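Scroll down for the structure; my scribbles are underneath it.
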Amino acid sequence: MPVRREKITKRLIDSLPSAPGEELVIWDTDLPGFGYRVRPSGNGTYFVRYQIWEGGKRRDPRVRVAGANAPPEEARKKARELLAQVALGEDPAAAKVAEKAALTVADLCAEYLRAAEAGLVITRFGKPKRASTVEIDRGRITRHIVPTIGDKTAAKLNRADVQIMVDRIGRGDTAGEFKTKSRGLARVEGGPGTASRVAELLGGILSWAELRGLVPGPNPVRGIQKARSQARDRTLTPEELGRLGQALRDLNDTLPAACTALRLIALTGLRREEAIGLRWAEIDFGASCLRLPETKTGKSVRVIGSAARDLLSSLPRYSAEFVFPSRDGQNSAALKKPIASIFDHAGLSDARSHDLRRTFASIADAEGYSDATIGELLGHAKRGVTARHYIVRPDAALIAAADKVSARIALALSTSGAAVVSIRRL
Numbered sequence: 001m002p003v004r005r006e007k008i009t010k011r012l013i014d015s016l017p018s019a020p021g022e023e024l025v026i027w028d029t030d031l032p033g034f035g036y037r038v039r040p041s042g043n044g045t046y047f048v049r050y051q052i053w054e055g056g057k058r059r060d061p062r063v064r065v066a067g068a069n070a071p072p073e074e075a076r077k078k079a080r081e082l083l084a085q086v087a088l089g090e091d092p093a094a095a096k097v098a099e100k101a102a103l104t105v106a107d108l109c110a111e112y113l114r115a116a117e118a119g120l121v122i123t124r125f126g127k128p129k130r131a132s133t134v135e136i137d138r139g140r141i142t143r144h145i146v147p148t149i150g151d152k153t154a155a156k157l158n159r160a161d162v163q164i165m166v167d168r169i170g171r172g173d174t175a176g177e178f179k180t181k182s183r184g185l186a187r188v189e190g191g192p193g194t195a196s197r198v199a200e201l202l203g204g205i206l207s208w209a210e211l212r213g214l215v216p217g218p219n220p221v222r223g224i225q226k227a228r229s230q231a232r233d234r235t236l237t238p239e240e241l242g243r244l245g246q247a248l249r250d251l252n253d254t255l256p257a258a259c260t261a262l263r264l265i266a267l268t269g270l271r272r273e274e275a276i277g278l279r280w281a282e283i284d285f286g287a288s289c290l291r292l293p294e295t296k297t298g299k300s301v302r303v304i305g306s307a308a309r310d311l312l313s314s315l316p317r318y319s320a321e322f323v324f325p326s327r328d329g330q331n332s333a334a335l336k337k338p339i340a341s342i343f344d345h346a347g348l349s350d351a352r353s354h355d356l357r358r359t360f361a362s363i364a365d366a367e368g369y370s371d372a373t374i375g376e377l378l379g380h381a382k383r384g385v386t387a388r389h390y391i392v393r394p395d396a397a398l399i400a401a402a403d404k405v406s407a408r409i410a411l412a413l414s415t416s417g418a419a420v421v422s423i424r425r426l
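Quick note on numbering: the sequence shown equals residues 1 to 426 in full-length UniProt numbering.
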């Protein structure tokens with residue numbers, strides 16, 4: 001294992017190879033005991049080593065003081081603080097062991113949420129978890145994980161504990177009504193599907209914690225029995241689209257923003273969060289597309305049809321930034337509940353905005369468009385390097401497809417539900 005002795009600086013850290021292939025240790029020449037270790041994979045950590053005597057025997061513990069992204073001076077400051085504790089007769093390494101041993105599942109989940117809020121939990125797309133996803137995680141933690149296993153020691157959590165949690169959630173033990181921040185109630189039913197999603201979240205939390213030395217491996221979620229999450233396949237029929245269109249007309253005066261946002265979702269296949277959070281600067285009317293800098297799958301160019309373009313161009317600009325602004329204009333509006341009430345008014349209480357996204361895809365499929373084209377329209381397709389970095393205007397054929405699909409949906413929404421039997425291809 002190569003060992004070097006020189007002053008640890010940012011320039012030095014930045015000059016190290018991204019994957020050295022073998023472990024490398026650098027000892028700081030300014031502060032004895034302070035070092036930087038790089039693993040073969042390239043992961044680096046700042047640490048401090050000190051000596052302590054117990055029962056006539058010497059120990060040389062190492063304690064991690066910061067991750068690779070920390071500035072060297074900040075890590076050196078923490079190292080000095082630890083060495084000062086050692087000079088006073090304390091053992092920081094033993095204290096950390098005791099702290100980990102006492103960490104409960106509830107404590108661990110709280111640490112995870114703090115890290116996620118700070119953008120330190122990375123998704124499979126290589127991006128920090130979005131705030132909306134973190135809030136979903138928070139709900140599953142507070143309503144399912146903490147009530148069932150929150151008091152258990154995280155380091156001692158086993159597969160049986162997790163299985164019991166899943167079983168309890170699956171049979172509805174955690175169901176109930178919970179107050180929300182928006183002066184409402186969240187009705188939680190539990191069930192096998194919820195149990196499966198909570199188990200997946202817990203597995204992710206424990207994997208995150210294992211990488212940071214907060215819990216040992218292996219992950220106790222692996223190998224448990226849980227129901228396989230079933231993807232929803234709800235789509236709206238032409239008759240249901242007609243009923244929804246009538247509801248939009250009925251409620252347009254009382255819920256104008258929600259009605260417009262829901263109409264936009266129907267005409268584009270956007271996710272609810274993408275539509276509600278849309279900014280004027282993201283609309284490219286000339287290229288018939290939306291240029292979204294941040295979506296579930298990262299940066300995305302979303303083609304829109306003429307019906308959606310006409311809708312957007314007709315909207316008043318109540319905010320210089322947001323298409324659907326909040327009352328103070330500083331953020332986008334919270335329209336989840338108003339949108340749900342529109343579905344309820346239409347007699348479609350089992351449907352929500354994401355079902356319109358599936359409906360958009362279903363109609364595109366009925367028009368004979370390929371999976372690749374539909375994926376592009378919905379922002380699913382994994383495009384190549386050329387498309388991602390050099391093509392700045394959407395393909396004309398893709399725009400024609402968006403025109404055709406959005407026109408069919410616009411026709412369905414404008415037709416009385418009772419009168420719609422089928423919508424012929426345009």
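Quick reminder that beta carbons are idealized off the backbone N, C-alpha and C, glycines included.
Note that the coordinates shown come from a computational prediction; the quantities given were computed from them, not determined experimentally.
Exercise. Per DSSP, SER332 forms a beta bridge with which residues?
Worked result: For SER332, which the question treats as bridged, DSSP gives the partners PRO325.
Exercise. From what residue to what residue does the beta strand (DSSP E) around TRP27 run?
Worked result: Residue range 24-27 is occupied by the beta strand (DSSP E) that includes TRP27.
Problem set entry | ARG5 - partner residues in DSSP beta bridges | DSSP lists TRP27 as partners of ARG5.
Problem set entry | For ARG76, the three-state DSSP class (helix, strand or coil) | helix
Exercise. Can you tell me whether DSSP reads VAL385 as helix, strand or coil?
Worked result: At VAL385 the pLDDT is 44, less than 50, meaning the model places this residue with poor confidence and gives no usable figure here.
For this session: Consult DSSP for TYR390 and reduce its assignment to one of helix, strand or coil.
Result: Summary for TYR390: the model assigns pLDDT 43, below 50, so the residue's position carries little reliability; its value from the coordinates is reported in the next sentence. Three-state result, TYR390: coil.
For this session: With a floor of 3 residues, list each beta strand (DSSP E) that falls wholly inside the region 244-297, ordered by position along the chain.
Result: 289-295
For this session: In angstroms with no decimal places, state the Cα-to-Cα distance between LEU31 and GLY203.
Result: 39 Å
Exercise. Does DSSP classify THR415 as helix, strand or coil?
Worked result: Shown here, THR415 sits in coil according to DSSP, grouped into three states, outside any helix or strand.
Problem set entry | Sequence-distant residues of its chain with Cβ nearer than 6 Å to ILE374 (five each side left out) | Short of 6 Å from the beta carbon of ILE374, and not among the five residues preceding or following it, lie these beta carbons of its own chain, in chain order: ALA361 and ALA364.
Exercise. Apart from the five residues on each side of it in sequence, which residues of its chain come closer than 7 Å, Cβ to Cβ, to LEU267?
Worked result: So the qualifying residues of the chain are GLY305, ALA307, ALA308, LEU311, SER406, ILE409 and ALA410.
Problem set entry | Beta-carbon contacts of LEU356 that lie in its chain and below 6 Å, excluding the five residues immediately before and after | ILE265 and ALA266
For this session: Have a look at PRO2 and TRP53 and give me their C-alpha separation to the nearest angstrom.
Result: Taking the straight line from one Cα to the other gives about 28 Å.
Exercise. Cβ of GLU177 within 7 Å of Cβ of ARG187?
Worked result: A contact, by the Cβ cut-off of 7 Å.
Problem set entry | Per-residue burial, SER314 [other beta carbons within 10 Å of its own, 16 or more giving buried] | exposed
For this session: For ILE149, count neighbouring C-beta atoms within 10 Å of its own C-beta (all shown protein chains included) and say buried if the count is 16 or more, exposed if not.
Result: buried
For this session: Check each candidate in LEU206, PHE285 and ASP233 and name the one with the smallest Cα separation from ARG222.
Result: LEU206
Exercise. So, are the CB atoms of ALA346 and LEU377 less than 7 Å apart?
Worked result: no
For this session: State the DSSP-derived secondary structure class of ALA346, mapped to helix, strand or coil.
Result: coil
Exercise. Can you tell me the Cα-Cα spacing of ASN252 and CYS259, whole angstroms?
Worked result: 6 Å
Exercise. Does DSSP put PRO17 in a helix, a strand or coil?
Worked result: coil
For this session: Below 8 Å on the Cβ atoms is my guess for ARG59 versus PHE47; work out the distance and round it to an integer in Å.
Result: About 15 Å; that fails the 8 Å criterion.
Problem set entry | Spatial neighbours of ARG425 in its chain, beta-carbon cut-off 7 Å, leaving aside the 5 residues before and after | Confidence at ARG425 is low in this model, with a pLDDT of 35, below 50, so the placement of that residue should be treated as unreliable; the coordinate-derived value is given next. GLU367.
For this session: Quick one: residues in its chain with C-beta nearer than 8 Å to the C-beta of LYS96, no 5 flanking neighbours on either side, listed in chain order?
Result: VAL63
For this session: Name the one or two DSSP bridge partners that TYR46 has.
Result: Beta-bridge pairing links TYR46 to TYR36 and ALA66.
Problem set entry | Residues bridged to ARG302 [DSSP beta-bridge criterion] | LEU290
For this session: Grab the span of the beta strand (DSSP E) containing GLU117 for me, first residue to last.
Result: First-last for GLU117: 105-117, but that is the alpha helix (DSSP H), not the beta strand (DSSP E).
For this session: Grab me the residues of THR9's own chain with a C-beta within less than 7 Å of its C-beta, minus the 5 sequence neighbours each way, in chain order.
Result: PRO72
Problem set entry | Local conformation of THR148 per DSSP, three classes | helix
Problem set entry | N-terminal and C-terminal residue of the alpha helix (DSSP H) that GLU200 is part of | Note, GLU200: alpha helix (DSSP H), 192-211.
Exercise. Which residues mark the beginning and the end of the alpha helix (DSSP H) in which GLU135 is found?
Worked result: Where GLU135 is concerned, the enclosing alpha helix (DSSP H) starts and stops at 131-140.
Problem set entry | Contacts around ARG4, its chain only, beta-carbon distance under 6 Å, and the 5 residues preceding and following it disregarded | Once the five neighbours on either side are set aside, the close Cβ partners of ARG4 are ILE26.
Problem set entry | 7 Å Cβ cutoff met for ALA175 and GLY190 | yes
Exercise. For ILE224, which residues of its own chain have a beta-carbon under 7 Å away from its beta-carbon, when the five flanking residues on both sides are left out?
Worked result: ARG159, VAL162, GLN163, VAL166 and ALA199
Exercise. Which residues does DSSP pair with GLY176 in a beta bridge?
Worked result: VAL188
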